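I have placed the structure first, in the form of structure tokens, so that the comments after it can refer back to it.
Protein chains: 2
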Amino acid sequence: MDIDFILDKIHILPEASKSTLRACVTEVEYSKGHILLRTEKIETSIYFIKKGIARAYANREANEVTFWFGKEGDTLLSMNSYVANKKGYEDVELLEDCELYQLKTDQLQSLFDSDINIANWGRKFAEKELLKTEERLISRQFRTATERYADLLQNNPDLLLRIQLGHIASYLGITQVSLSRIRSEIK
Amino acid sequence: MDIDFILDKIHILPEASKSTLRACVTEVEYSKGHILLRTEKIETSIYFIKKGIARAYANREANEVTFWFGKEGDTLLSMNSYVANKKGYEDVELLEDCELYQLKTDQLQSLFDSDINIANWGRKFAEKELLKTEERLISRQFRTATERYADLLQNNPDLLLRIQLGHIASYLGITQVSLSRIRSEIK
DNA sequence: GGCAAAATTTTACAAATGTTAAAAAATGAA
DNA sequence: TTCATTTTTTAACATTTGTAAAATTTTGCC
Numbered sequence: 005m006d007i008d009f010i011l012d013k014i015h016i017l018p019e020a021s022k023s024t025l026r027a028c029v030t031e032v033e034y035s036k037g038h039i040l041l042r043t044e045k046i047e048t049s050i051y052f053i054k055k056g057i058a059r060a061y062a063n064r065e066a067n068e069v070t071f072w073f074g075k076e077g078d079t080l081l082s083m084n085s086y087v088a089n090k091k092g093y094e095d096v097e098l099l100e101d102c103e104l105y106q107l108k109t110d111q112l113q114s115l116f117d118s119d120i121n122i123a124n125w126g127r128k129f130a131e132k133e134l135l136k137t138e139e140r141l142i143s144r145q146f147r148t149a150t151e152r153y154a155d156l157l158q159n160n161p162d163l164l165l166r167i168q169l170g171h172i173a174s175y176l177g178i179t180q181v182s183l184s185r186i187r188s189e190i191k
Numbered sequence: 005m006d007i008d009f010i011l012d013k014i015h016i017l018p019e020a021s022k023s024t025l026r027a028c029v030t031e032v033e034y035s036k037g038h039i040l041l042r043t044e045k046i047e048t049s050i051y052f053i054k055k056g057i058a059r060a061y062a063n064r065e066a067n068e069v070t071f072w073f074g075k076e077g078d079t080l081l082s083m084n085s086y087v088a089n090k091k092g093y094e095d096v097e098l099l100e101d102c103e104l105y106q107l108k109t110d111q112l113q114s115l116f117d118s119d120i121n122i123a124n125w126g127r128k129f130a131e132k133e134l135l136k137t138e139e140r141l142i143s144r145q146f147r148t149a150t151e152r153y154a155d156l157l158q159n160n161p162d163l164l165l166r167i168q169l170g171h172i173a174s175y176l177g178i179t180q181v182s183l184s185r186i187r188s189e190i191k
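One line per chain: the protein sequences are A and B, in this order.
Per the working numbering, residue 5 is the first one in the first sequence, and the count goes up by one each step.
Per the working numbering, residue 5 is the first one in the second sequence, and the count goes up by one each step.
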């Protein structure tokens, strides 16, 4: 997935500003299983996923809880590092070999102060992520695990094929045994 | 709670930009029980709460589910209207007589295009709301209803005194009967 | 293909939460 | 204060979801 496409999908940028922003982006590759972001670390980059999938999880006593999946075109970042310059609460693991666009946050921050188009691009980025996050919060409160699984099946069938069910169950907030029960009832 | 304090709490603004923004703000008052935002309506204003509390809820088949409380200093808006200019999924009811600062979103949008400081203020606003929303999402996934009640008791004890328990239970994602059980075990 | 390891499903039982209805307590208006 | 209304708690039972362990299926590698 092309970097121009990803940047414009967030918010259309005038060509001059887009060139400026694109000039800060570098490409990196990591293998499946690589831990890209680590809890307790202040991350200094954000990433756009060119190819591959990843999951964010946090440790809850003995077991880990997955709360985010990202795929091609999605943005991968520690929200706490990006917004508040604090340690994150999540690890991010690559679930496939990944190609990523990397952007240093300090460079982005100075562009925010000098280029109003990029400032508004950053605003739209946060706003769109906010809307997605609020929708997920509401979905979690409103819909049963069965309904949320059906949503996933409808809207992201590829994730179900690419990600193992233990992680999906954790993401849905249920045990793998419950997810198996749900799947056996649906089919 | 003063408008300057609320604006600066989001992101410090140079005095000139703050005056510009403040000039767009008007004060309004509504009584307890007033429905300020309505599902299925594209809202054209956002509000800052000077005094009072409110809740956002959506209808889930027969019963309504509360997913947000706001109090003094909080921002009250339909995220879907503000970000995507679409109908919201929530009603917002005032739970006390309220004094509000009102800001028309079309005025704010044009300030975003002309004043880089206000654009970055809007960016920080979205980013901070995003961080809060992500933390709530994770808390909902990680913590039991009992723990989330304890959090509320610790961080927002005033809400428990000001809001009836049926709404609190709905916000925590449990029935009022379960909340009563939790309360009887804690005390 | 065949084997070992990993992932998924199934089973049986335990624990937590929901439902419905009734009792008790708190609130507010005359 | 008193009474009616609303809110909160309690009780009994049904349903859902979790836990632990075993059985089955899938995956990856030689």
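Backbone N, C-alpha and C fix where the C-beta goes; we use that ideal spot for every residue, glycine too.
These figures come from a predicted structure and were not determined experimentally.
| Check | Outcome |
| --- | --- |
| Near L10(A), which residues of its chain fall below 6 Å by C-beta distance, leaving aside the five closest residues on each side in sequence? | The amino acid occupying residue 10(A) in the given sequence is Ile; Leu does not appear at that position. So the list reads F52 and G77, once near-sequence residues are dropped. |
| Just the Cα atoms here: how many angstroms apart are K45(B) and A20(A)? | 37 Å |
| Against F52(A), what residues of chain B qualify as contacts under a CB-to-CB distance less than 8 Å, listed in chain order? | Result: empty, since nearest Cβ-Cβ is about 17 Å, beyond 8 Å. |
| Just to confirm my understanding: we take H171(B), look at its own chain, exclude 5 residues before and 5 after, and list those with CB closer than 7 Å. What are they? | R59 and T70 |
| Excluding the 5 residues preceding and the 5 following I14(B) in the sequence, name in chain order all residues of the same chain whose CB lies nearer than 7 Å to its CB. | W125, K128, F129 and K132 |
| Using only the alpha-carbon positions, how far apart do L183(B) and N89(B) sit? | 37 Å |
| So is V96(B) buried or exposed if we call it buried at 16+ other beta carbons inside 10 Å? | buried |
| Could you check whether the segment 137 to 144 of chain B touches the segment 135 to 152 of chain A, counting it as contact only if at least three pairs of C-beta atoms, one from each stretch, sit closer than 8 Å? | yes |
| Return the residue from the list S85(B), S23(B), V32(B) and F73(B) that minimises the CA-CA distance to L169(B). | F73(B) |
| According to DSSP, is Q106(B) part of a helix, a strand, or is it coil? | strand |
| Determine the direct distance from the alpha carbon of R42(A) to that of S174(A), and round the result to whole angstroms. | 19 Å |
| Looking at the unbroken beta strand (DSSP E) that takes in D95(B), where does it start and where does it end? | D95 to L98 |
| Taking the straight line between their C-alpha atoms, what separation do you get for Q111(B) and K22(B)? | 14 Å |
| For T179(A), I'd like the list of residues in its chain whose CB is within less than 7 Å of its CB, leaving aside the five on either flank, ordered along the chain. | A173 |
| Return no unless some Cβ of chain B is closer than 8 Å to the Cβ of N159(A). | no |
| My guess is that L163(A) and K75(A) are in contact by the Cβ rule of under 8 Å, so how many angstroms apart are they, rounded? | 7 Å |
| What residues from chain A crowd round E131(B), counting only those whose CB sits closer than 7 Å? | V87 and A130 |
| Along the chain, where does the alpha helix (DSSP H) that runs through L135(B) open and close? | I120 to F146 |
| Measuring only the C-alpha atoms, how far is D6(B) from K54(B)? | 7 Å |
| So, is V181(B) buried or exposed, given that buried needs 16 or more other C-beta atoms within 10 angstroms? | exposed |
| Name the chain B residues whose beta carbon is nearer than 7 Å to that of R166(A)? | What R166(A) touches in chain B: nothing, since even the nearest Cβ is about 21 Å away. |
| If we ignore side chains and look at the alpha-carbon of each, how far apart do G92(A) and A149(B) end up? | 24 Å |
| For D117(A), which of L107(B), S82(B), A123(B) and A154(B) has the nearest alpha-carbon? | A123(B) |
| Please report whether the beta-carbon of I190(A) lies at a distance below 8 Å from any beta-carbon of chain B. | no |
| Check whether the Cβ of E138(B) lies closer than 8 Å to any Cβ atom in chain A. | yes |
| Could you compute how far the alpha carbon of L98(A) sits from the alpha carbon of L80(A)? | 11 Å |
| Expressed to the nearest angstrom, what Euclidean distance is found between the alpha-carbon atoms of S114(A) and E189(A)? | 53 Å |
| Using a Cβ cut-off of 8 Å (strictly closer), state whether F9(B) contacts chain A. | no |
| Scan the segment 44 to 93 of chain A and note each continuous alpha helix (DSSP H) run of 4 residues or more that stays entirely inside, going in chain order. | 83 to 88 |
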